[in-house]
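To start, the structure under review is shown below, and the notes come after it.
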Amino acid sequence: MRRPSLNKLTPNRQTFGYAAILAAALAVAIVSGWTALATQIDDAAYDWMFRLHPPPRAATQSVILAIDDASLTAMGGVREYRKMLATALELLATAHPRAVVIDLILTDQTDEAEDGRLEGAMLATKNLVLATDLANGQWQDPLPRFLKHAAGVGHDKADELSPDGTTRQIALEERTPAKRYWALALEAFRLVRGQRIVESPEDLQIGNELIPAPRTSQGNRLLRVLFTEDPIPEVSLNDLAQNPKLADALAGKIVFLGVTSMTAVRDRVKTPWGERPGVEVHAQLFETLELGQFLTSASDLAVLALCLLIGAIAGLIFGFLSGWPAYLSAAALLISAHLAPYVFFQHGIVFPYFAPFASAWLTCATAASYQHFVVRRQLRQSETDRQRYQQAIHFVTHEMRTPLTAIQGSSELMGRYNLNEDKRKQLADMINQESKRLARMIQTFLDIERLSDGQMELRREPFSVRQIVEACLQRAGPLAERKHIHIAIGDLEGAVEGDRELMEYAVFNLLTNSVKYSEPDTRVTVACRVQGDRLRLSVQDQGIGMDSKELRQIFQRFYRTKRAEESGEAGTGIGLSIVDQIVRHHGGKIEVTSAPGQGSCFTVVLPACSRASQAPTVSV
Ligand code: ADP
C-alpha cells in the first residue's frame, strides 16, 4: 500500500501537483510585480533604502548660483532674467569657473540691448552649457546668437519619469526622430573632462569613466542620481552682486545658474530626500558622474532568477520538513527575502522589493497550506486504508479457517475412531471438498494479485453466459434462501471469450452482494442481452442502494458504504475492486445505477463472442 510521506517526496503525481501549485503561486507573485501597487511599494522601498544607505560624501565640485527671491526682488522680477544672467556671467568672469551651466530656456527674443549684453557675457564664458527643452515633440533650442557661444547644449528634463513624480533617475539621453541631446549635467561633465562621449548600447564612456546606462526601449538612458542629504552649496545672485568678492568661492567650480525662487516659479523636484530646486537636480547628477559610483538596476532575468530561487527554497522547506523546523525555516526565508534587496542595494544593485517578498510570502503560504491540507488528508486516508486492510486480512484468515477446521476435524475423527466404511467415505469426501474449496480460494486470491501486477496471461476460452450464471446461482442459492430472497432469471443470451473461473468469480460477487445488501422478501434479477457486438449482463436488486458520492468510491479497495457497515453483513470492501479488474482485463466495463433505499443495478458490459460452447443448463 502506498503511504504518502510528509518528510520525503518521491517523484510521483503528488510531487508534480505540489510543484505545479507552487509554480502557479510564483507566477502570480511575479506578474503582480508589474502592477501599479507593486511599483509604488518598490519606489517607497527604494527611497527608504536610499536614506538608510546614503551615497558616500565627496567634496562637491558644483555650486548653485541661485536666482532666488531676494535676487528677483532686487533685480527687477521675472521680466529681467536676461539682465540677471548677463550680470551673473559678468561677475563670474573674474572667478574663472571650470564650467557654467545655465538652466533657463533662451528661446525667445527680448530687448535687443539686453540680449546683446548677454551675448557679450557669454562670449567671455569658458565651457558654457545652455539648456534646451522638449515641448510637444519640438526642441526649444536657445537663440542662434547664444547658441554660437555655447560649448554644449543639454536637455533639462528631470522629473517626468516616475509615476509618483519623484526624481530618482534622469535620462542621460533624450531624443526626437530628428535630434538627440545629452543631459545638461552630462554635457558639463564631458566639457570639464575634455573628452568625447563614446557610446555603446550598454554604457557611455567619457575618458576613463564608464557610465552604466543601457539604452531603454524608449531610446533614453536612465541613470540613478545619488542625491546627497545636504543640498549642493548655493550662492545667491543678489549676494554676489552686492559683494563681488564672493565670486572667489566659485573659482574652479562648475556653476549651475538657475532659478530657485519659490514665488516666481514652482520649479521644485521631489527627491528621496524631499523637494529640491530643479537646478539642484542637475548639479546632483553632475556630482554622481564625478563620484563615478553608480546604482544599476538588476536585469529582469536576475529578478526572475531570485524569485524562482525563493520559490524553490519554499517548496523544498515544506517538501522535506514539517512542524516547527518547517515554520522556522520559512520565517528565515521570509526575512531573507525582505533583506535581500537591501543587501544588493548596498552593493550598488537595485532589485525591486515587491516581487521577491511576494514570491516568498505566496509560495510559503501555498506550500504550507498544501502540506497541511492535502498531504495530511492523504495521510489520514492511508491510515484508514491500513485499518481496512487489516480487517480484510482478518476476514480472509477467518474464511480460510472454516474449511481448515472441517478438514482438521474430519481427519482427526478418521484417525482416532474405527469408523465404518460409509462414515469414512463421507469424511474423506468432506476433506476432499473442503481442501478443494481452500485451494480455489487461495488460487483466486493469488490470480487476482498476479492479474493486477500484470504478471498473468488470461486464459482464453469461449463460454456461454448461461453456464457461469447458473454455476453462480447454485452456489448463492442457499444464502438467498436463508434471507427469503428470490433470484429471478431473465433472458441469458450470449457468450464471452476469456477466463471462465475469473468471470464466474466476478458474477458470483455481484450476485452475493445483491443478496447481502437486500432486505428479506425482495427480489434479485439476473439477465443478459446482446446488443450489437457487446453483451450486457445485469444483476438488479431492491436493496439498500447507494448515493452518487458512494457510487464513485465503491471500486476502491477496502471501501464500504456506511449503510453496508450498518447492515451487519460481513465484508472486506475488496470484492468489487477485483470484479472491476477482471472485467477490465476482459476488455469490458461495469455500469452501476443505484439510489438509497431503492436498490442497485450492476451491469457488466463485455465484448460478445459468437463461438461459445453451449453447456448443459443447471436448474436451481
Ligand atoms: P464487501 O465485501 O464490503 O461487500 P465489495 O467490494 O464487494 O465489498 O463492495 C464494496 C461496497 O459496495 C460494499 O461494502 C457496499 O457498501 C457497496 N455495495 C456493493 N454492492 C452493493 C449492492 N448491491 N447494494 C448496495 N451496496 C453495494
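My numbering applies: residue 5 is where the sequence shown begins, and numbers increase by one. Note that beta-carbon positions come from the ideal geometry of N, C-alpha and C, so glycine has one too.
Terminal residues of the beta strand (DSSP E) in which residue i lies
i: L195; result: Per DSSP, L195 belongs to no beta strand (DSSP E); it is in the alpha helix (DSSP H), L188 to R197.
i: H159; result: G156 to H159
i: T367; result: Not the beta strand (DSSP E): T367 falls in the alpha helix (DSSP H), residues F358 to Y374.
i: Q209; result: L208 to I210
i: C532; result: R527 to Q535
i: H490; result: H490 to L496
i: A139; result: L132 to A139
i: I594; result: K593 to A599
i: C605; result: G603 to P611
i: G169; result: Segment: none, G169 is in no beta strand (DSSP E) and carries neither H nor E.
i: T275; result: R272 to T275
Heavy atom of the ligand ADP within 7 angstroms of residue i beta-carbon
i: D626; result: The question about residue 626 has no answer, for the chain in this structure spans 5 to 624.
i: R479; result: no
i: M404; result: no
i: T597; result: no
i: T572; result: What sits at residue 572 in the sequence shown is Gly, not Thr. Answer for G572: no, Cβ out of range of the ligand ADP.
i: M550; result: yes
i: Y638; result: Since the first and last residues shown for the chain are 5 and 624, residue 638 lies out of range.
i: R504; result: no
i: Y374; result: no
i: N513; result: yes
i: Y563; result: yes
i: N436; result: no
i: T388; result: no
i: G577; result: yes
i: A316; result: no
i: Y521; result: yes
i: A484; result: no
i: I472; result: no
C-beta atoms of residue i and residue j nearer than 8 angstroms
i: V105; j: V67; result: no
i: S518; j: D537; result: no
i: A251; j: A99; result: yes
i: T220; j: A70; result: no
i: S240; j: C311; result: no
i: T180; j: L138; result: yes
i: A302; j: F361; result: no
i: R149; j: D119; result: yes
i: S542; j: F559; result: no
i: K249; j: R102; result: no
i: S326; j: Q375; result: yes
i: L226; j: A175; result: yes
Cβ-based neighbour list, residue i, same chain, cut-off 8 angstroms, excluding 5 preceding and 5 following
i: G319; result: Y22, A23, L26, T367 and A371
i: S614; result: A499
i: M507; result: F467, I472, V500, I586 and H590
i: I236; result: T64, S66, V67, I68, F260, E284, A287, Q288 and E291
i: F20; result: none
i: R405; result: none
i: D107; result: A135, D160, L188, F260, L261, G262, V263, G282, V283 and H286
i: V202; result: L208, Q209 and I210
i: A154; result: M126, L132, V133, L134 and P146
i: P276; result: Y50, D51, F54, R55, T170, R172 and F231
i: L337; result: I314, I317, A318, I321, A364 and C368
Delimiting residues of the alpha helix (DSSP H) encompassing residue i
i: D51; result: A40 to L56
i: D73; result: D73 to M79
i: P329; result: G327 to Q350
i: D243; result: L241 to Q246
i: C311; result: D304 to F324
i: A27; result: R17 to S36
i: G278; result: Careful: G278 lies outside any alpha helix (DSSP H), inside the beta strand (DSSP E) at G278 to P281.
Sequence-distant residues of the same chain with beta carbon closer than 6 angstroms to residue i, five excluded per side
i: T14; result: Reliability of the predicted coordinates at T14 is poor, the pLDDT of 46 falling under 50, and the value obtained from them is presented with this limitation in mind. Once the five neighbours on either side are set aside, T14 has no close Cβ partner at all.
i: K93; result: The question names Lys, but residue 93 is Leu in the sequence shown. Taken in chain order, the residues that qualify are A125 and T129.
i: R272; result: E279
i: K600; result: Note that residue 600 corresponds to Pro in the displayed sequence, not to Lys. Only G549 and D551 meet the Cβ criterion.
i: A334; result: I321 and C368
Close beta carbons around residue i, own chain, < 7 angstroms, minus the five adjacent residues each side
i: T621; result: In this prediction, T621 scores a pLDDT of 38, lower than 50, which makes its location untrustworthy; the coordinate-derived value is nonetheless stated afterwards. R470 and E474.
i: P8; result: Here the model assigns P8 a pLDDT of 35, short of 50, so the residue's position is not dependable, and the following value carries that caveat. Same-chain partners within the cutoff: Q18, V379, Q382, L383 and S386.
i: Q144; result: I109, T111, T136 and D137
i: Y346; result: M53
i: E573; result: K520 and Y521
i: R6; result: Unreliable placement is indicated for R6, whose pLDDT of 35 sits below 50; the coordinate value is still reported in the next sentence. Closer than 7 angstroms at the Cβ level, and outside the excluded window around R6, lies no residue.
i: A245; result: T91 and L95
i: Q437; result: none
Proximity test, Cβ basis, 8 angstroms: residue i and chain D
i: K152; result: Checking the listed chains, one finds no chain D in this structure; it contains a single protein chain.
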